[in-house]
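Undergrad: Dropping the structure in here first, questions after.
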Amino acid sequence: MAQVEASVARYLAALETADRQEDETARVRTARLEDRLASLARRMEQLHEMEEAVRTAPDGQVSITDPDARAMATSAKDSGIVGYNVQAAVDTEHHLIVAHEVTNIGNDRAQLSGMSERARNAMGHEGLTGLADRGYFAGEEILACERAGITPLVPKPQTSGAKAAGRFGKQDFIYLPEVDEYRCPAGERLTWRCNSVENGMTIRAYWASTCQTCPMKAQCTTGKERRIKRWEHEHVVDAMQRRLDLKPDAMRVRRWTAEHPFGTIKAWMGATHFLTRGLRRVSTEMSLHVLAYNMKRVIAICGIEPLLAALPAR
Ligand code: SF4
């Protein structure tokens, strides 16, 4: 809209100049400029309509190429993509895609438990260990996995503002479960003080009474005292961190497992996007890719004869 306004201002100035001249060329130029101004006015009208559509859209997004596509969160700077989010659970032994789903949710934070359960059901196992990258980290999802008998391994994103500012991060405070307290870097005890509810999660707050006289305060907080927050179910996150500490290659295993099918399918597709539009059709297109990948993978692993023998007769 700003660009259209700038163009209108430019054309109006040119129109004024043309008005001051009275020859044939000026008349032709005036007619052309009036045409352009009319088309800019129509463009502005369309943009106002679009602005209204974006304003009233439930998630504040309108995709004009494919109405179901949505802005995807990406870690790379300036790499915004409007498209779909393909979820895939891949088994670490054979690199087969055991469960997949196409969503138009822009991030992976709500996907862990649902995809893990689908993978477990597809594999017919009682339990399952699910490796996922930090984009899947969400306390409620980790808890849901535990409750469903799935063991999640998801690293925690490092988002501590205090640590980034050179002060102690939450990881510098040691939780003592037997007394439900934290011990701070100065050796003081941070006791439970109150609860609050944030995004539907009950959060417990701990602090010490000695911060104001503490010699390490400058390294710790800019406030009156340092407060540490703890989700009421944080023990599941702590237990997961301990499992991750004991399995230092977990993320390498995840990478070489999950990236194998994605790399292969992308190489087959070429440097292109989905050929269909709309969530339902894109899901079908992806299912065909997954089917082709899995068939070729099984053939590579055990050959055609055993595959045919294992397929149910029709
Ligand atoms: S400021 Fe408070 S929490 Fe921080 S190190 Fe000192 S006593 Fe511990």
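When we follow my numbering, the leftmost residue of the sequence shown carries the number -10, and every step to the right adds one. Where a beta carbon is used, it is the ideal one built from N, C-alpha and C, also for glycine. All values derive from a computational prediction rather than experimental measurement.
(1) What's the gap between the Cα of A58 and the Cα of E38?
(2) Taking only runs that begin and end inside the stretch 18 to 78, name each unbroken alpha helix (DSSP H) of 4 or more residues, in chain order.
(3) Taking just the CA atoms, how far does E40 sit from R136?
(4) By how many angstroms is the C-alpha of Q(-8) removed from the C-alpha of A(-2)?
(5) Is A154 near the ligand SF4, in the sense that its beta carbon is under 6 Å from a heavy atom of that ligand?
(6) Is the separation between the beta-carbon of A197 and that of C183 shorter than 7 Å?
(7) Quick check: does the Cβ of R32 come within less than 6 Å of any heavy atom belonging to the ligand SF4?
(8) Enumerate, from N- to C-terminal direction, the unbroken alpha helix (DSSP H) stretches of 4 or more residues contained entirely within the stretch 228 to 268.
(9) Tell me whether the beta-carbon of N110 lies closer than 7 Å to the beta-carbon of L268.
(10) In this structure, what does DSSP give as the bridge partners for H89?
(11) Would you kindly work out how many angstroms separate the C-alpha atoms of M258 and A77, rounded to a whole number?
(12) Give the single residue among M33, R172 and T14 whose Cα lies nearest to the Cα of D161.
(13) Would you call the CB atoms of C209 and R215 closer than 7 Å?
(14) Rounded to the nearest angstrom, how far is the Cβ of V91 from that of S272, given a contact under 8 Å?
(15) With a threshold of 6 Å, establish whether the CB of E170 neighbours any heavy atom of the ligand SF4.
(16) Kindly examine the ligand SF4 and report whether one of its heavy atoms sits closer than 6 Å to the Cβ of T199.
(17) With a threshold of 6 Å (Cβ to nearest heavy atom), would M104 be considered close to the ligand SF4?
(18) Classify K218 as helix, strand or coil using the three-state DSSP reduction.
(19) Would you mind reading off the limits of the alpha helix (DSSP H) that contains N96?
(20) In the DSSP output, what is L120 paired with across the bridge?
(21) Would you list, in sequence order, the uninterrupted alpha helix (DSSP H) runs of no fewer than 4 residues that lie entirely inside the stretch 126 to 214?
(22) Does Q(-8) come out as helix, strand or coil in the three-state DSSP assignment?
(23) Hey, out of V242, S276, L296 and M275, whose CA is closest to T118's CA?
(24) Tell me the DSSP secondary structure of P301 in three-state form.
(25) Below 8 Å, how does it come out for the stretch 247 to 256 and the stretch 269 to 288: are there three or more Cβ pairs, yes or no?
TA: Quick look at the numbers:
(1) Approximately 20 Å, taken between the alpha carbons.
(2) Secondary structure remark: continuous alpha helix (DSSP H) runs of at least 4 residues inside the stretch 18 to 78: none found.
(3) Answer to the nearest angstrom: the Cα atoms are 44 Å apart.
(4) If you draw a straight line from the Cα of A(-2) to the Cα of Q(-8), it is about 10 Å long.
(5) No, the beta carbon of A154 sits no closer than 6 Å to any heavy atom of the ligand SF4.
(6) Not a contact, by the Cβ cut-off of 7 Å.
(7) Within 6 Å of the C-beta of R32 there is not a single heavy atom belonging to the ligand SF4.
(8) Counting only runs of at least 4 residues, the stretch 228 to 268 fully encloses the following alpha helix (DSSP H) elements, listed from N- to C-terminal order: 239 to 258.
(9) No. Outside cutoff.
(10) A77.
(11) Taking the straight line from one Cα to the other gives about 17 Å.
(12) Answer by Cα proximity: R172.
(13) Yes. Within cutoff.
(14) That pair is a contact at about 4 Å.
(15) Not one heavy atom of the ligand SF4 sits closer than 6 Å to the Cβ of E170.
(16) Checking every heavy atom of the ligand SF4 against the Cβ of T199, one is found closer than 6 Å.
(17) The answer is no for M104.
(18) K218: strand per DSSP, three-state reduction.
(19) Segment: none, N96 is in no alpha helix (DSSP H) and carries neither H nor E.
(20) The partner list for L120 (beta bridge, DSSP) reads L142.
(21) Under the rule that a run must span 4 or more residues, the alpha helix (DSSP H) segments found entirely inside the stretch 126 to 214 read 128 to 136 and 150 to 153.
(22) Of the three classes helix, strand and coil, the one that applies to Q(-8) here is helix, per DSSP.
(23) Measuring from the Cα of T118, the nearest candidate turns out to be V242.
(24) P301 falls in the coil class under three-state DSSP.
(25) Output reads yes: the stretch 269 to 288 touches the stretch 247 to 256.
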